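Student: The structure that follows is given in the form of structure tokens.
Residue numbers (this note's numbering): 2 to 673.
If you want it as structure tokens, here you go:
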């Protein structure tokens, strides 16, 4: 039961991780700690620790079985000191059933006092206390924080009082809040699921599928007994995982050790938004697609493969390792394009561990069939025989690579305002690509290595129906249909030349899209749904003061998939649009825009670093003013930029977003 709770807590903690970054980004004061020790009689001392918790926040109780992160105190007693009884909590915690964890939990609000009695046998004894806790509100949790306090008891000064302030709290959390340009956990989970899918699909490619029975037979027949054979097969799968994951992890870890979090964040930010890597990624996807279509084979040097194959004949785990290495090298022409795709997609997430976790997921899914079939070799008889269908799988993957590769060209196009890949052009390309895929599945198209399709099987028919249905779904987008299911991948609606409304076709010309002339950057930046707003922070605050309205701050980005999804799925709600138009001054701060602003608007930091582009200046505002380095993030602030309510990030709950706006509006007028 305890193990189950631990696993459950870890899983939920991973799900809550982005929320932790959300809340930590802007709170000026959450939990303040005060610790003191006093003599309560002869050689008995009492250590008292008091937490003052800001309204709306709470910390968890001392229950070690708490599925969240319980508050904990660990005492180390020096010579001459020993505990007298156990740690006591002086308030009854509030206990409620938590729907996320699925069980009852206890927590403290407002104030919490804890005491630990200590018996001395020598004057001047020391007691070291390690405090660890996590603060949460109804929406988010801060990253876990900890601190160590040392007390000297029985000396001339009977105790050394120590206060852990909110500022200390933020400093402690700063170490956990790596400076990264990220979206939200949904991106990571999406990448993980995508990696698992690709890893399993790789089994059904011409480079991998024929090797399954060969390698499994090798391990079963090449051993003295099945038990040893299965152990070696298990190690074979483990080595495959390590060969894919360890090199990536090593590169990232070395980067962080040498340059720290800031360097890793800068690298990821550059990879995600700069035109050069995005164009390179686009070209790589196109090359991989051409390879899948049969134009050429991408292979490792034959010298590497032959040397590894010779080493695999050795006995013991060394031979097993080289057998795994041989598989990785031989299958590279099929797995290479997918591995590249998985890594490129994961880098867009922004957190340093994304590529490591994503590659781990891919390699586990890829290695799993080999281990499974080694343990249950009889299942091999039920697998289909190798044939032309394997190449068909490869060609289908080529079409998908072709479509997904356009996203990178689109990212560069939006960040630099080239105007190459507007929304209708992007959609037209996808419609054509998936139409050709549908015809291919029906046997109307053949590639170099394809076998003739004499008749259409049930599988091909079902897949072609799905593909053509997807094509039909996309077609209305050419005239401005929102296509909410694709909102994260399509260029924004503002890039479309015209849309069809109830009143007919409406042109989307540069500088319009609901933006009033004269506002900075409105000639190339746009708000969704024809909303009026600003793209300069100071300009928005000044205008808000004139009209006496709160400011809705949208930290967004051209390359931010979740930003587009929020705009199409949440912002589009009529109630939210009405509040945006009537109750708030909106400002969209693009954190990845590459436009260089006028020299008079450059920002110079205390360290002498100069920010010249709009994206870097907006990122500097997010970092310095609100301790935010992610997107999307939404704030409601007053005319001076002071935050009025806890911020929000990616969350498709429309009702919760409406409540967020209502709370912000209420807080603004109550403050006046």
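Glycine included, each C-beta is placed from N, C-alpha and C at the ideal position.
Computed from a prediction, not measured in an experiment: that's the story for all the values here.
Touching or not, the segment 558-573 and the segment 480-489, by the rule of three or more beta carbon pairs under 8 Å?
Tutor: With a cut-off of 8 Å, the segment 480-489 and the segment 558-573 count as touching, because enough Cβ pairs lie within range.
Student: Within the same chain, show all residues whose beta-carbon is closer than 8 Å to that of residue 538, passing over the 5 residues directly before and after it, in chain order.
Tutor: By one-based count along the chain shown, residue 538 stands at place 537. Result list for residue 538: 554, 588, 590, 619, 622 and 642, in chain order.
Student: On the premise that residue 237 lies in contact with residue 364, defined as a C-beta separation below 8 Å, what is that separation, rounded to the nearest angstrom?
Tutor: On the chain shown, residue 364 is found 363 positions in, with the first residue counted as 1. On the chain shown, residue 237 is found 236 positions in, with the first residue counted as 1. Residue 364 to residue 237, Cβ: 13 Å. No contact.
Student: Is it true that the segment 44-52 meets the segment 108-128, where meeting means three or more beta-carbon pairs spaced less than 8 Å apart?
Tutor: Judged by Cβ distances under 8 Å, the segment 44-52 makes contact with the segment 108-128, as three or more pairs qualify.
Student: Using three-state DSSP, classify residue 654 as helix, strand or coil.
Tutor: Here residue 654 refers to the residue found at position 653 of the chain shown. Residue state, collapsed to three classes: coil.
Student: Would you mind working out which of 499, 573 and 112 sits nearest residue 653, comparing C-alpha positions?
Tutor: For the purposes of this step, residue 653 is identified with residue 652 of the chain shown, where counting begins at 1. It is 573 whose Cα lies nearest to the Cα of residue 653.
Student: Expressed to the nearest angstrom, what Euclidean distance is found between the alpha-carbon atoms of residue 61 and residue 644?
Tutor: Within the chain shown, residue 61 is the residue found at index 60, counting from 1. Within the chain shown, residue 644 is the residue found at index 643, counting from 1. Taking the straight line joining both Cα atoms gives about 26 Å.
Student: Can you give the Cα-Cα distance for residue 41 and residue 67, rounded to whole angstroms?
Tutor: Counting from one through the chain shown, the residue named residue 41 turns up at place 40. Counting from one through the chain shown, the residue named residue 67 turns up at place 66. Each residue's Cα considered, the two are about 32 Å apart.
Student: If contacts are defined as beta-carbon pairs under 8 Å, then residue 685 and residue 46 qualify, I think. What distance do you get, rounded to the angstrom?
Tutor: The structure shown does not extend to residue 685, since the chain spans only 2 to 673, so no value can be given for it.
Student: Quick check: residue 609 and residue 592, are their CB atoms within less than 8 Å of each other?
Tutor: In the chain shown, residue 609 corresponds to position 608, counting from 1. In the chain shown, residue 592 corresponds to position 591, counting from 1. No, the Cβ-Cβ distance between residue 609 and residue 592 is not below 8 Å.
Student: With three or more C-beta pairs closer than 8 Å as the rule, is the segment 127-136 touching the segment 70-81?
Tutor: The segment 70-81 vs the segment 127-136: in contact.
Student: Am I right that residue 491 and residue 428 are in contact with their C-beta atoms under 8 Å? What's the rounded C-beta distance?
Tutor: Locating residue 491 in the chain shown gives position 490, where the first residue counts as 1. Locating residue 428 in the chain shown gives position 427, where the first residue counts as 1. Going by Cβ atoms, the distance from residue 491 to residue 428 rounds to 7 Å, so yes, they are a contact pair.
Student: Ends of the beta strand (DSSP E) at residue 127?
Tutor: Walking along the chain shown from the start, residue 127 turns up at place 126. 126-134 is the extent of the beta strand (DSSP E) around residue 127.
Student: Rounded to whole angstroms, what is the Cα-Cα separation between residue 463 and residue 442?
Tutor: Translated into positions along the chain shown, residue 463 becomes position 462. Translated into positions along the chain shown, residue 442 becomes position 441. The straight-line gap from Cα to Cα measures roughly 9 Å.
Student: Is the beta carbon of residue 110 less than 8 Å from the beta carbon of residue 95?
Tutor: Here residue 110 refers to the residue found at position 109 when the chain shown is read from its first residue. Here residue 95 refers to the residue found at position 94 when the chain shown is read from its first residue. Cβ atoms of residue 110 and residue 95: closer than 8 Å.
Student: Look up residue 59 in the DSSP assignment and say whether it is helix, strand or coil.
Tutor: Numbered from its first residue, the chain shown carries residue 59 at position 58. Strand at residue 59.
Student: Between residue 399 and chain C, is there a C-beta pair that is closer than 8 Å?
Tutor: Of the protein chains in this structure there is only one, and it is not chain C.
Student: Based on Cα-Cα distance, which residue from 559, 108 and 104 lies nearest to residue 57?
Tutor: The residue labelled residue 57 in the question sits at position 56 within the chain shown. Looking at the Cα atoms, 108 is the closest of the given residues.
Student: Can you tell me which of the three DSSP states residue 607 falls into?
Tutor: What you label residue 607 is simply residue 606 of the chain shown in a count that begins at 1. Looking at residue 607 - three-state DSSP - the assignment turns out to be coil, as it is neither helix nor strand.
Student: When you compare only the Cα positions, how much space is there between residue 1 and residue 276?
Tutor: The displayed coordinates of the chain run from 2 to 673. Any statement about residue 1 would go beyond what the structure contains.
Student: Would you mind giving the Cβ-Cβ distance between residue 448 and residue 294, rounded to the nearest angstrom? I have them listed as a contact below 8 Å.
Tutor: As a first step, residue 448 must be located in the chain shown, where it is residue number 447. As a first step, residue 294 must be located in the chain shown, where it is residue number 293. Indeed, because the Cβ distance is near 5 Å, the residues count as touching under 8 Å.
Student: Just tell me which of 367, 137 and 426 has its CA closest to the CA of residue 481.
Tutor: To locate residue 481, count along the chain shown from 1; it is residue 480. Checked all of 367, 137 and 426; the closest Cα to residue 481 is 426.
Student: Could you tell me the distance, in whole angstroms, from the CA atom of residue 661 to the CA atom of residue 649?
Tutor: As a first step, residue 661 is located in the chain shown; it is residue number 660 there, counting from the start. As a first step, residue 649 is located in the chain shown; it is residue number 648 there, counting from the start. Looking at the two C-alpha atoms, the distance is approximately 8 Å.
Student: Could you check what DSSP says for residue 448 in three-state terms: helix, strand or coil?
Tutor: For the purposes of this step, residue 448 is identified with residue 447 of the chain shown, where counting begins at 1. Residue 448 falls in the coil class under three-state DSSP.
Student: Can you give me the C-alpha to C-alpha distance between residue 583 and residue 415, rounded to a whole angstrom?
Tutor: Here residue 583 is taken as the residue at index 582 of the chain shown, counted from 1. Here residue 415 is taken as the residue at index 414 of the chain shown, counted from 1. Spanning the two alpha carbons is a distance of roughly 29 Å.
Student: Considering just the uninterrupted stretch of the beta strand (DSSP E) at residue 635, what are its terminal residues?
Tutor: As a first step, residue 635 must be located in the chain shown, where it is residue number 634. Its beta strand (DSSP E) spans residues 634-638.
Student: Nearest by alpha-carbon distance to residue 496: which of 476, 234 and 530 is it?
Tutor: Taking the first residue of the chain shown as position 1, residue 496 is located at position 495. Nearest C-alpha to residue 496: 530.
Student: Do the segment 657-671 and the segment 593-603 meet, that is, are 3 or more Cβ pairs less than 8 Å apart?
Tutor: They do not touch, by the three-pair rule.
Student: In whole angstroms, what is the alpha-carbon distance linking residue 291 and residue 446?
Tutor: Residue numbering aside, residue 291 sits at position 290 when the chain shown is read from its first letter. Residue numbering aside, residue 446 sits at position 445 when the chain shown is read from its first letter. Spanning the two alpha carbons is a distance of roughly 15 Å.
Student: With residue 54 and residue 113 assumed to form a contact (beta carbons below 8 Å), what rounded beta-carbon distance in angstroms separates them?
Tutor: Along the chain shown, read from residue 1 onward, the residue named residue 54 stands at position 53. Along the chain shown, read from residue 1 onward, the residue named residue 113 stands at position 112. With 8 Å as the limit, residue 54 and residue 113 qualify as a contact, their Cβ atoms being about 7 Å apart.
Student: What residue from 533, 525, 585 and 532 has the CA that sits closest to residue 550's CA?
Tutor: Here residue 550 refers to the residue found at position 549 when the chain shown is read from its first residue. For the residues 533, 525, 585 and 532, the minimum Cα distance to residue 550 belongs to 585.
Student: Give the secondary structure of residue 40 by DSSP, where H, G and I count as helix, E and B as strand, and everything else as coil.
Tutor: Translated into the one-based positions of the chain shown, residue 40 becomes position 39. If DSSP states are grouped into helix, strand and coil, residue 40 belongs with the strands.
Student: Since residue 454 and residue 205 should fall inside the 8 Å C-beta cutoff, what is the C-beta to C-beta distance between them, to a whole number of angstroms?
Tutor: In the chain shown, the residue the question calls residue 454 occupies position 453. In the chain shown, the residue the question calls residue 205 occupies position 204. Wrong, their Cβ atoms sit about 17 Å apart, outside the cutoff.
Student: Where residue 670 and residue 636 are concerned, what is the direct C-alpha to C-alpha distance, given to the nearest angstrom?
Tutor: Sequence index remark: in the chain shown, residue 670 carries index 669 (1-based). Sequence index remark: in the chain shown, residue 636 carries index 635 (1-based). Looking at the two C-alpha atoms, the distance is approximately 16 Å.
Student: Which same chain residues end up closer than 8 Å to residue 249 when comparing Cβ atoms and leaving out the 5 residues on each side of it in sequence?
Tutor: By one-based count along the chain shown, residue 249 stands at place 248. Same-chain partners within the cutoff: 344, 356, 357 and 360.
Student: State the Cα-Cα distance for the pair residue 578 and residue 533, rounded to the nearest angstrom.
Tutor: Here residue 578 is taken as the residue at index 577 of the chain shown, counted from 1. Here residue 533 is taken as the residue at index 532 of the chain shown, counted from 1. Approximately 11 Å between the Cα atoms of the pair.
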